[in-house]
Structures are given as C-alpha cells and as structure tokens.
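> Position 316, counted from 1, in the sequence shown is what the numbering used here calls 316; the numbers after and before it change by one each time, with no gaps.
My questions will all concern the structure given below.
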Amino acid sequence: MKNILVTGSVGQIGSELTLELRNRFGGSNVVAGINRTQPTGELAETGPYMKVDTTNLEELASTVKKYNIDTIYHLAAVLSAVGEKNPGLAWNIGVNGLYNVLEVAREFNCAVFFPSSIGAFGPTTPLDNTPQDTIQRPTSMYGITKVTGEMLCDYYYLRFGVDTRGVRYPGIISNATLPGGGTTDYAVEIYYEAVKHQKFTCPLGKGTFLDMMYMPDAIDAAINLMEADPSKLKHRNAFNISAMSFDPEILATEIRKHIPGFVMSYDVDPMKQKIADSWPNYMNDAAAREEWGWNPVYNLESMTVDMLKVIRDKHSKGLI
Ligand code: SER
Numbered sequence: 001m002k003n004i005l006v007t008g009s010v011g012q013i014g015s016e017l018t019l020e021l022r023n024r025f026g027g028s029n030v031v032a033g034i035n036r037t038q039p040t041g042e043l044a045e046t047g048p049y050m051k052v053d054t055t056n057l058e059e060l061a062s063t064v065k066k067y068n069i070d071t072i073y074h075l076a077a078v079l080s081a082v083g084e085k086n087p088g089l090a091w092n093i094g095v096n097g098l099y100n101v102l103e104v105a106r107e108f109n110c111a112v113f114f115p116s117s118i119g120a121f122g123p124t125t126p127l128d129n130t131p132q133d134t135i136q137r138p139t140s141m142y143g144i145t146k147v148t149g150e151m152l153c154d155y156y157y158l159r160f161g162v163d164t165r166g167v168r169y170p171g172i173i174s175n176a177t178l179p180g181g182g183t184t185d186y187a188v189e190i191y192y193e194a195v196k197h198q199k200f201t202c203p204l205g206k207g208t209f210l211d212m213m214y215m216p217d218a219i220d221a222a223i224n225l226m227e228a229d230p231s232k233l234k235h236r237n238a239f240n241i242s243a244m245s246f247d248p249e250i251l252a253t254e255i256r257k258h259i260p261g262f263v264m265s266y267d268v269d270p271m272k273q274k275i276a277d278s279w280p281n282y283m284n285d286a287a288a289r290e291e292w293g294w295n296p297v298y299n300l301e302s303m304t305v306d307m308l309k310v311i312r313d314k315h316s317k318g319l320i
C-alpha cells in the first residue's frame with residue numbers, strides 16, 4: 001500500500017501532481033501538505049490535507065507518522081525570481097526544508113522525489129545540448145539551492161540508503177495553477193494574455209532559448225521515475241528532462257497560428273534575463289530516456305492547442 005505526502009501541494013506542480021497521485025493510488029492515500037495557502041476545490045475535497053511547513057521538522061515528522069507515509073514528493077520551494085529578491089527565504093525553504101524531509105525519510109524509511117531544475121546550471125555550463133554530468137556553478141540563489149539539493153539527495157542515498165530520486169525540470173507550462181515567480185513564467189502568462197487581450201509584453205528578450213515542458217509530461221515524469229525499477233537507475237537524482245526548447249519569438253509565432261492578431265512587445269527584466277542567459281538553451285536528456293523510459297507526449301504545437309482550448313474555455317465562463 002502506498003501512502004504519499006506531497007509538500008507544496010497548492011503550488012503550480014504540486015496541485016496537479018496531488019490530484020493525479022490520488023487518481024492512481026486513491027484519494028485517502030495521498031496527503032496534501034499545505035503551508036500558508038489553504039487548498040480549495042478538488043484538492044480539498046478528494047483527500048486529506050495537513051499543515052506541513054517543511055522548515056519545521058516536528059510538523060513534518062508528525063504527519064509522516066500519523067499517515068504512515070512511505071513516499072514524499074517534495075514540491076515545496078521558492079522559484080528563481082522570488083529567490084533573487086529574498087535569498088534567505090530561498091535557502092531556508094530550498095535547503096533546510098529538504099534537509100528536514102531527508103531526515104524524516106531516513107527515520108521513517110520513506111522514498112523521496114526531489115525536483116531540481118535547469119536552474120542548477122550556470123554560465124560556465126555548456127548551454128547547448130547540456131550533458132547530464134557537467135559543470136554546475138549556478139549564479140542564482142535558486143540554482144545554488146538546487147545543486148545543494150541534488151548533492152544532499154545523492155548523499156542520503158549513498159550514506160543512509162534513502163531511496164531518493166529526482167529530475168531537473170525545465171520551465172513548466174500549465175493551465176490550472178499559476179507558477180509563483182519563476183524566470184520561465186512568461187511562457188505561461190503569454191497564453192492567458194493572448195486569450196484575454198491578444199497582446200503580451202515579454203520580460204525575456206528575443207533569442208532567449210530555454211527548455212520547456214507541458215504539465216501532463218511533468219507529472220508523468222515524477223510518478224514514472226518513482227515507480228521505475230531501481231536496478232536500472234544509474235543516476236537516481238537530477239535527471240535532465242526536456243520536451244521542447246523555444247525562444248519568445250517562436251512561442252509567439254505558434255500562438256499566432258491560432259490568434260492571428262496576437263501582438264508581442266518586449267520590456268526586458270534585467271534580473272530575469274541574467275538568470276535565463278545562465279541556463280541551458282536545451283538539455284540532453286538521454287540518461288532519463290535510457291534509464292527509466294522518459295518520453296514526453298507534448299511538443300510546442302500540441303501543447304499550444306491544448307493550452308488555448310482550456311484557457312479560452314475558462315475565459316468564456318468568466319473564470320479568468
Ligand atoms: N521554472 C523555474 C523558474 O523559472 C525553473 O526551474 O524559476
């Protein structure tokens with residue numbers, strides 16, 4: 001029997017991951033860990049939720065004990081742009097929160113999923129076809145917490161045998177919960193603005209290529225990796241995964257196929273641009289494909305069709 005805890009369950013990825021885990025493993029077996037934001041709708045109605053501030057070891061341990069948790073999907077984090085504005089918060093949640101999760105996992109024998117990021121790379125990394133194992137000297141606090149997290153997860157596996165696994169997510173595009181202050185958020189906002197106002201002001205410049213992925217693939221990645229045969233995993237943590245790479249112009253051109261009058265202008269945010277320039281243009285994800293069968297379904301074309309369909313529907317109902 002699987003008993004799962006998702007930290008950060010009201011966030012962009014956590015909210016959809018929790019619902020999919022409940023679909024697959026049963027609502028009562030998946031606890032939504034929340035902190036400051038209360039869950040609403042389906043998330044609140046389909047299974048239990050508990051206040052779990054990951055920086056509070058006692059709170060985490062008592063939830064794991066109470067629900068006999070055996071797997072923790074640790075999604076609570078601070079994204080890159082917010083992290084630059086508040087580096088102390090990014091470190092506390094990104095590193096101290098993960099440390100607590102790993103300590104509790106060690107004590108109660110839980111498997112742990114940890115999402116690292118393209119942010120774990122930096123300007124000295126080869127930015128084209130970024131290898132799985134390469135130079136990692138990130139220059140954002142977000143990236144520093146992610147590299148530290150990757151190493152902590154490796155350490156807990158090697159030293160204590162904790163079943164840690166994880167991926168390096170690219171920018172995640174979704175239509176349910178908005179992302180909370182990342183560098184790649186523009187690729188979500190552009191769809192909403194295209195539907196609502198047929199125009200968008202982009203905070204990243206032309207030619208800024210970044211890896212991206214549609215949410216259903218991001219969710220499948222997490223669950224498939226956690227369900228994978230461990231004997232096949234050579235890397236375990238921090239697998240590069242990508243589904244597509246584009247710059248703002250390519251994305252705008254794709255949207256124009258459906259909304260011909262869509263207009264994009266630029267007002268580059270220097271802080272976000274600096275971060276984006278230090279991240280890969282596209283990663284090599286061969287290790288994930290070989291070791292646990294990573295194989296994304298959505299590309300830019302199919303994702304755009306689905307995003308616009310869902311957002312238009314919400315708009316026509318007055319929900320956005
Ligand atoms: N989407 C994240 C961010 O922009 C990157 O992992 O912060």
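From the three backbone atoms N, C-alpha and C, an ideal C-beta is built for every residue, glycine too.
#1: Could you tell me whether any non-hydrogen atom of the ligand SER is closer than 6 Å to the CB of Thr183?
#2: For a test of the three-state rule: what should DSSP assign to Cys110, helix, strand or coil?
#3: Bridge partners of Phe246, per DSSP?
#4: At the level of alpha carbons, what is the spacing between Leu60 and Asn100?
#5: Three-state secondary structure (DSSP) at Asn237?
#6: Distance, Cα to Cα, Asp163 vs Ala111?
#7: Could you tell me the distance, in whole angstroms, from the CA atom of Asp247 to the CA atom of Leu210?
#8: Can you name, in chain order, every residue of its own chain whose Cβ lies under 8 Å from the Cβ of Ile190, other than the five neighbours on each side?
#9: Excluding the 5 residues preceding and the 5 following Asn336 in the sequence, name in chain order all residues of the same chain whose CB lies nearer than 6 Å to its CB.
#10: Can you name, in chain order, every residue of its own chain whose Cβ lies under 8 Å from the Cβ of Thr134, other than the five neighbours on each side?
#11: Lys66 to Met226, Cα distance in whole Å?
#12: Compute the minimum distance between the beta carbon of Leu79 and the heavy atoms of the ligand SER, and state whether it is under 6 Å.
So, from the listed chains and residues:
#1: yes
#2: coil
#3: Leu210
#4: 8 Å
#5: coil
#6: Distance between Asp163 and Ala111, taken at the CA atoms: about 5 Å.
#7: 7 Å
#8: Phe200, Cys202, Pro248, Leu251, Ala252, Ile255 and Met264
#9: The chain is shown from 1 up to 320; residue 336 falls before or after that span and cannot be answered.
#10: Phe121, Thr125 and Pro126
#11: 22 Å
#12: yes
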